[in-house]
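>
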Amino acid sequence: MHLFDLLLMLLFLFFSQRCLMYTPIIIIIFFFFSGEMYCRVMILRMAASSSSSTDASSKYTRSKSPYEVLGVTASVSFDEIKARYHELTRYYHPDMPHGDPARFREINAAYRVLRAAEREKKSEKIDPGSFRAERSHKNGDYQTDGHARYQDCRYGPAERPQRHGLLREIFWLYECYELAIVVGAAVAVLIIATERYLLVRRMTLEKRARIRAMDEGLPPSMPLVLEDGMLQKYNVRVPKEEIEIDNAMVKEEAYHRRATQRRFEDFREFLFVYDPDGVTSRRVTTKRFSIQYIDEALIPARCSHVWEFNSEMKNKQYDSIVSGVVEALAATSWATPDVQYIAPLMARGLATIPMNSPETAKWTFVEYKDIDKKGEPACVLALKNNRFGRLGMCQRVTVTGSNSLSPRLVIKQEADLKSGTLSAKSLVRGGALPVKDLSIPLEQMKL
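Numbering (the working numbering), first residue to last: 134 to 580.
#1: Which one of Ala480, Leu566, Glu201 and Ala326 has the shortest CA to CA distance from Asn241?
#2: Quick test of the definition: if touching needs 3 or more C-beta pairs under 8 Å, does the stretch 438 to 457 touch the stretch 362 to 371?
#3: How is the beta strand (DSSP E) around Gln425 delimited, first residue to last?
#4: Give me the Cβ distance between Leu516 and Thr497, rounded to the nearest whole Å; I'm assuming they're in contact under 8 Å.
#5: Excluding the 5 residues preceding and the 5 following Glu213 in the sequence, name in chain order all residues of the same chain whose CB lies nearer than 8 Å to its CB.
#6: In angstroms, rounded to a whole number, what distance separates the CA positions of Gln577 and Val568?
#7: Along the chain, where does the alpha helix (DSSP H) containing Ala243 start, and where does it finish?
#8: Does the Cβ of Ile427 have 16 or more other Cβ atoms within 10 Å, making it buried, or fewer, making it exposed?
#9: Buried or exposed: where does Thr337 fall if 16 or more other Cβ atoms within 10 Å of its Cβ makes it buried?
#10: Where do the ends of the beta strand (DSSP E) carrying Lys502 lie?
#11: Can you look up Asn518 in the DSSP assignment and give me helix, strand or coil?
#12: From Asn489 to Leu538, what distance separates their C-alpha atoms?
#13: Using 8 Å for Cβ pairs, my map puts Asp505 next to Ser466. What's the rounded Cβ distance?
#14: Measuring only the C-alpha atoms, how far is Gln394 from Val458?
#15: Does any residue of chain D have a CB that is nearer than 8 Å to the CB of Arg390?
#16: Out of curiosity, what's the CA-to-CA distance linking Val209 and Met229?
#17: Hey, how far is the Cα of Ala476 from the Cα of Val499?
#18: Give me the DSSP bridge partner(s) of Ala511.
Take a look at the structure:
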């Protein structure tokens, strides 16, 4: 690709939408071609010096006859001259270790002269004028310098100008107008790239200053001004129909994920799928502590449901008993009706949330805390993993709720109490876990 066309393409890339991405590449290519230009100038210098030495040696060579150059006599046949020529060219070829470019050119020139003379003898049409013209044309190959051939074609042998230094060599290589366009385009690219670099640097410094001000609690330097249309947009009450549409879309997405998703990251995501109406009102907290902080003998008396499993046995893992745990919790008549709804969901969530899996702890407790009443959370479920011996960890999962989140269960319980189907004494409340003070280090406790 021509250098000028390549620079035009680079300028087009630079002024595109992603010009900032291509700016370093353009700068690198510019310096690459600058280095290439320098290398060519150095080559031209070497060529000029070698051509001057060639001219000096050619004067000495012209004093010799072609036969003397090839090392033969005039009486030998042309076949012997040709064989001698091939022998000398193989020996003095520039690619050979002992090659001599000047000697190689002399041999070629001498052979061409003798070959032309031989052809004229065979044709028996020896014309001195045409012979000299052909010889001068053949001697054009004797000049290996391309610059000399260019000047011969442009000015003629008689008007061939002298070499005038480095500037004439550069203008011959690129021509004046092309060199000016290339240099101008390169300067424009460098100027615009510098301007873009300064702009990006200024924006980066301003962003860092804003982040630093926010971390220090200071107001940002950029004023936060809202448009009047934006203020009016949020002052208008949202229509009830749009709220119902949003709720329906949330429920539809929750139903879809409930049918397809098998694992969840935490209880927040789990409740968004299985309890979309109460996910904003409930709060789930998880704590882990050592088994030494709890009295295991009091767990069956404090927790309403106690189940055992073994995570190392294939048919006795938690996944094999989770359906029975869910059914038992849903069938229990709780003093707080909301527990009958949320407790089975929590038991099911333990099987789908790897972070809260009961298989990593010796005891897993599920507690319920009524936000409408003050008091300690009540233990509704205790899961024991028989994989662990005397040591192990305990996991405590506490969920908050209220009867207002399960109005249907509240109405059903009140109806059962009035009809006598359910008595107040049969309602299950659960108790507080026998957990010791977790702030006391283990080395200070009497174990």
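Note that the Cβ used here is the ideal one computed from N, Cα and C, for glycine as well.
In terms of the structure at hand:
#1: Looking at the Cα atoms, Glu201 is the closest of the given residues.
#2: No: the two stretches stay apart, fewer than three of their Cβ pairs being nearer than 8 Å.
#3: That residue, Gln425, is in no beta strand (DSSP E); it is neither H nor E in DSSP.
#4: Contact between Leu516 and Thr497 holds: CB atoms are separated by about 4 Å, below the 8 Å threshold.
#5: Val205
#6: 16 Å
#7: Pro234 to Ser256
#8: With 16 or more neighbouring CB atoms inside 10 Å of its own CB, Ile427 falls in the buried class.
#9: So Thr337 ends up on the exposed side.
#10: Trp496 to Asp503
#11: strand
#12: Roughly 24 Å between the two C-alpha positions.
#13: Rounded to the nearest angstrom, the Cβ distance from Asp505 to Ser466 is 19 Å, too far for a contact under 8 Å.
#14: 21 Å
#15: The displayed structure is made up of one protein chain only, and chain D is not part of it.
#16: Put simply, the backbone Cα of Val209 is about 28 Å away from that of Met229.
#17: 8 Å
#18: Tyr501
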